[in-house]
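Reviewing the structure listed below.
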Amino acid sequence: NAGVTQTPKFQVLKTGQSMTLQCAQDMNHEYMSWYRQDPGMGLRLIHYSVGAGITDQGEVPNGYNVSRSTTEDFPLRLLSAAPSQTSVYFCASSYFGSYNEQFFGPGTRLTVL
Amino acid sequence: AQSVTQPDIHITVSEGASLELRCNYSYGATPYLFWYVQSPGQGLQLLLKYFSGDTLVQGIKGFEAEFKRSQSSFNLRKPSVHWSDAAEYFCAVGDFGNEKLTFGTGTRLTIIP
Chain A
1 NAGVTQTPKF QVLKTGQSMT LQCAQDMNHE YMSWYRQDPG MGLRLIHYSV GAGITDQGEV
61 PNGYNVSRST TEDFPLRLLS AAPSQTSVYF CASSYFGSYN EQFFGPGTRL TVL
Chain B
1 AQSVTQPDIH ITVSEGASLE LRCNYSYGAT PYLFWYVQSP GQGLQLLLKY FSGDTLVQGI
61 KGFEAEFKRS QSSFNLRKPS VHWSDAAEYF CAVGDFGNEK LTFGTGTRLT IIP
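Rendered as structure tokens:
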């Protein structure tokens, strides 16, 4: 199993550009989530999904969209990138909810100029 | 809303010495609690978790944590640290009602020979 994969590993954007961060898992996990990690702030939940077709907002959802058309994939879309979205983004998945162990991807380092 | 406090930003410990990392949570009901570890440039890995029952839980790599409801704490301990334990450690609290996991700001552990 590949586990949780994220692409790209690194990305540089200009303010106002849009892009999609990809996340996929091959463990048949129902629960998937996106976090951003900033120095001194730990990980903050952006959006999460408890199954295909179901998504909900986390702590810091503004400026981000998600969809969950399949169990395996959970892409994160930046609609109009801003310098405040410069961060490291982690995708994670678990069986049936955040109360189970979450398996994290290797992260995407995003810089917005 | 649930919250997590990790009061120590950075801790330095000699190899072979004991370790205790502090975590305090704020939550009205019975939470579920986790400790995750992040090695440099990596995603997070679960060390241990607490849902209910025995308040002393054992995890991987020789770590343990004790849930103390009266003190709202879930401190992580290890009797003898190894150089490979150098990493950042995150405490997290969850809520069975809303599927969201809240992370603390992390404690960076440095091991000196």
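Residue numbers (the working numbering), protein chains in the order written: chain A, 1 to 113; chain B, 1 to 113. We put the CB at the ideal spot given by N, CA and C, even for glycine.
Taking C-beta pairs closer than 7 Å, name the residues in chain A that residue i reaches, listed in chain order.
{"i": "TYR32(B)", "result": "TYR99"}
{"i": "GLY106(B)", "result": "GLY42"}
{"i": "PHE154(B)", "result": "Because chain B is modelled from 1 through 113, residue 154(B) falls outside the range shown and cannot be assessed."}
When the Cα atoms are used, what is the spatial distance from residue i to residue j?
{"i": "CYS91(B)", "j": "TYR31(A)", "result": "20 Å"}
{"i": "GLN6(A)", "j": "GLN37(A)", "result": "15 Å"}
{"i": "HIS10(B)", "j": "SER98(A)", "result": "27 Å"}
{"i": "GLU15(B)", "j": "SER52(B)", "result": "32 Å"}
{"i": "PRO113(B)", "j": "GLN58(B)", "result": "26 Å"}
{"i": "GLN17(A)", "j": "LYS9(A)", "result": "18 Å"}
{"i": "VAL81(B)", "j": "SER39(B)", "result": "15 Å"}
{"i": "PHE74(B)", "j": "TYR25(B)", "result": "8 Å"}
{"i": "SER49(A)", "j": "VAL66(A)", "result": "9 Å"}
{"i": "ARG68(A)", "j": "GLN102(A)", "result": "18 Å"}
{"i": "GLU72(A)", "j": "GLY3(A)", "result": "11 Å"}
{"i": "THR12(B)", "j": "THR15(A)", "result": "39 Å"}
{"i": "TYR36(B)", "j": "MET41(A)", "result": "15 Å"}
{"i": "LEU21(B)", "j": "HIS47(A)", "result": "29 Å"}
{"i": "LEU79(A)", "j": "LEU56(B)", "result": "45 Å"}
{"i": "GLY104(B)", "j": "SER84(B)", "result": "22 Å"}
{"i": "GLN11(A)", "j": "SER87(A)", "result": "10 Å"}
Rank the options by C-alpha distance to the C-alpha of residue i and give the top, closest one.
{"i": "GLY51(A)", "options": "VAL4(A), ALA2(A), SER93(A) and LEU113(A)", "result": "SER93(A)"}
{"i": "THR55(A)", "options": "PRO83(A), GLY40(A), PHE74(A) and ARG44(A)", "result": "PHE74(A)"}
{"i": "THR107(B)", "options": "PRO113(B), ALA86(B), LYS100(B) and LEU101(B)", "result": "ALA86(B)"}
{"i": "LYS61(B)", "options": "ARG77(B), GLY53(B), SER72(B) and THR12(B)", "result": "ARG77(B)"}
{"i": "GLN71(B)", "options": "CYS23(B), LYS100(B) and ALA1(B)", "result": "CYS23(B)"}
{"i": "TYR89(B)", "options": "SER80(B), PHE63(B) and LYS100(B)", "result": "PHE63(B)"}
{"i": "GLN85(A)", "options": "LEU76(A), LEU110(A), MET41(A) and GLU101(A)", "result": "LEU110(A)"}
{"i": "PHE104(A)", "options": "LEU45(A), THR15(A) and VAL112(A)", "result": "LEU45(A)"}
{"i": "ARG77(A)", "options": "GLY63(A), SER87(A) and GLN11(A)", "result": "GLY63(A)"}
{"i": "ASP26(A)", "options": "TYR95(A), HIS47(A), LEU113(A) and VAL112(A)", "result": "TYR95(A)"}
{"i": "GLN45(B)", "options": "SER80(A), PRO106(A) and VAL12(A)", "result": "PRO106(A)"}
{"i": "ALA82(A)", "options": "ASN28(A), LEU113(A), ASN1(A) and HIS29(A)", "result": "LEU113(A)"}
{"i": "PRO61(A)", "options": "GLN11(A), TYR89(A) and ASN100(A)", "result": "TYR89(A)"}
{"i": "TYR27(B)", "options": "THR110(B), LEU48(B) and THR102(B)", "result": "THR102(B)"}
{"i": "GLU59(A)", "options": "GLN42(B), LYS100(B), TYR50(B) and LYS49(B)", "result": "LYS100(B)"}
Which chain B residues sit within Cβ distance under 8 Å of residue i?
{"i": "TYR48(A)", "result": "GLU99 and LYS100"}
Please list, in chain order, the chain B residues whose beta carbon lies closer than 7 Å to that of residue i.
{"i": "PHE104(A)", "result": "GLY43 and LEU44"}
{"i": "GLY107(A)", "result": "GLY43"}
{"i": "PHE58(A)", "result": "Note on residue identity: the sequence assigns Gly, not Phe, to residue 58(A). Within 7 Å Cβ-Cβ: LYS100."}
Using a threshold of 6 Å, is the CB atom of residue i nearer than that to any non-hydrogen atom of the ligand ADP?
{"i": "ALA81(A)", "result": "Within the structure as shown, the ligand ADP is missing, as the structure has no ligands at all."}
Within 7 Å (strictly less), CB to CB, does residue i reach chain D?
{"i": "VAL112(A)", "result": "In the structure shown, chain D does not exist; the protein chains are A and B."}
Quiz item: If contact means a Cβ-Cβ distance below 8 Å, which residues of the region 43 to 57 of chain B contact chain A?
Solution: Using a CB distance below 8 Å, the part of the region 43 to 57 of chain B facing chain A consists of GLY43, LEU44, GLN45, LEU46, LYS49 and PHE51, ordered along the chain.
Quiz item: Okay, do the region 76 to 96 of chain B and the region 17 to 36 of chain A touch, 3+ Cβ pairs below 8 Å being the bar?
Solution: no
Self-check item: Within 7 Å of chain A by C-beta, residues of the region 85 to 99 of chain B in sequence order
Solution: PHE90, GLY94, PHE96 and GLU99
Practice problem: Below 8 Å between beta carbons is the criterion; list the residues of the region 67 to 99 of chain A that meet it against any residue of chain B, in chain order. | Solution: PHE90, ALA92, GLY97, SER98 and TYR99
Quiz item: Quick one: any contact between the region 24 to 37 of chain B and the region 50 to 70 of chain B, if contact means 3 or more CB pairs under 8 Å?
Solution: yes
Quiz item: Quick check: the region 8 to 21 of chain A against the region 2 to 18 of chain B, are there 3 or more CB pairs under 8 Å?
Solution: no
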